[in-house]
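Reading through the C-alpha cells given below for one structure.
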Amino acid sequence: MILEHQPRLGDLASVSRVTEASEDLALPIALAEVAQVGFEWEWDEETDEARGCDFEPYQRFEAPEKTAWWFRLWTGNEEADGSEFRFFGATGAGDYAGFWLVRPGAPITEQPVIYLGSEGERGVIARDLGELLWLFAAGFGPLEAFTDPDGKAEPNEAFQAIAERHAPGRRRSATEIVAARTEFPNFSEFIDAMCR
C-alpha cells in the first residue's frame with residue numbers, strides 16, 4: 401500500500417483501518433446487479449436539459465488508498481482518510497456516493513448512503529441499501545436524489561426488478577426516502593469538522 405505521507409504515531413490507527421478495509425471490496429449482491437445494469441445519461445444541447453442519471457457505479461468498492469487520497473484532497477486535511485466511508489460510484493463531475501459506516505456492528509447494507517459533491521455539497525440520501533434501490537427504481541441517481549427528490553424522473557424497470565427482489569415491500573417516493581436524512585442531522589457538521 402502506498403501512503404501519501406509517512407505515518408506518524410497518531411496515524412497508525414487510521415493506517416490499520418485502511419488496511420483492514422482493503423480485505424473485501426466486493427459490492428453487496430444487489431449493488432453489483434445495479435452496476436451490471438448501469439445508468440443512462442445524455443445531455444440535449446438543443447433543450448439544454450439532461451435525461452437519465454449522471455452516475456457510474458463501480459464494479460467494486462473504491463480501494464481505501466484511493467478513498468484516503470481523494471478524501472484528503474476534498475477536505476484539505478492530511479489527517480483524514482475517509483475510512484468512515486465505502487464509496488461505490490461517482491458522477492462525471494466527480495461527486496461520490498457511498499455508505500457511511502456510522503451504525504456500529506451493522507452490516508454495510510444497513511448503513512446510510514451519502515452523497516459528497518465535488519463542490520462541497522453533502523448529505524444523507526437513503527437510510528440503507530434497500531432505500532437506495534428504490535431511489536434507483538424511481539429513476540433517481542445519488543445526484544438527482546440529493547438536488548431534487550421532488551423532481552420528475554423516469555422509473556427504471558430493471559432497477560425496479562432489483563429493488564423488488566432485494567428490498568420487497570419498501571417502495572416509497574424519493575421525497576420520503578431522502579427525508580430520512582433527518583435521522584442524521586449532524587452529518588454536515590461531521591464533515592465540516594474534518595475540513596481545513
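All letters in the sequence shown, in the order written, are residues 401 to 596 by the working numbering. In this text, a Cβ means the ideal position worked out from N, Cα and C, and glycines have one as well. As the structure is a computational prediction, the values presented were derived from the model and not from experiment.
What is the rounded straight-line gap between the Cα of residue i and the Cα of residue j?
| i | j | result |
| --- | --- | --- |
| Cys595 | Trp534 | 32 Å |
| Thr509 | Ile429 | 10 Å |
| Ala493 | Gly569 | 34 Å |
| Ala468 | Leu543 | 22 Å |
| Ala553 | Thr491 | 17 Å |
| Leu473 | Gly520 | 11 Å |
| Tyr458 | Thr447 | 30 Å |
| Glu583 | Val502 | 12 Å |
| Phe439 | Phe455 | 6 Å |
| Ala435 | Phe559 | 10 Å |
| Arg572 | Leu427 | 24 Å |
| Ala567 | Lys466 | 30 Å |
To which residues of the same chain is residue i closer than 6 Å at the C-beta, ignoring the five residues directly before and after it?
| i | result |
| --- | --- |
| Ala563 | Leu533, Trp534, Ala537 |
| Glu462 | Phe487 |
| Glu531 | Ile577 |
| Ala580 | Arg527 |
Does residue i pass the burial test, meaning 16 or more other C-beta atoms within 10 Å, or should it be called exposed?
| i | result |
| --- | --- |
| Gly518 | Residue identity differs from the one stated: residue 518 is Ser in this sequence, not Gly. With fewer than 16 other Cβ atoms within 10 Å, it is exposed. |
| Arg527 | buried |
| Asp550 | exposed |
| Glu557 | exposed |
| Pro512 | buried |
| Pro507 | exposed |
| Arg460 | exposed |
| Ala574 | buried |
Name the DSSP beta bridge partners of residue i, please?
| i | result |
| --- | --- |
| Gly482 | According to DSSP, which records beta bridges pairwise, Gly482 is partnered with nothing at all. |
| Ala558 | Note: Ala558 sits in no beta bridge, so no partner. |
| Pro457 | Gly489 |
| Leu473 | Leu473 is not bridged to any residue. |
| Val513 | Phe499, Ala526 |
| Ala426 | Arg460 |
What residues in its chain sit with their C-beta under 7 Å from that of residue i, if we drop five residues either side in the sequence?
| i | result |
| --- | --- |
| Phe471 | Ala480, Asp481, Gly482 |
| Leu412 | Bear in mind that a pLDDT of 35 at Leu412, under 50, signals an unreliable position, so the model cannot answer this. |
| Ile591 | Arg522 |
Only counting the same chain, and skipping five residues up and downstream in sequence, which positions put a Cβ closer than 8 Å to that of residue i?
| i | result |
| --- | --- |
| Ser620 | Outside the modelled stretch of the chain, which goes from 401 to 596, sits residue 620, for which no answer is possible. |
| Ile514 | Phe485, Ala497, Gly498, Phe499, Trp500, Arg522, Gly523, Val524, Ile525, Phe587 |
| Glu445 | none |
Is there a Cβ of chain D sitting closer than 9 Å to that of residue i, yes or no?
| i | result |
| --- | --- |
| Ala463 | No chain D is present in this structure, which holds just one protein chain. |
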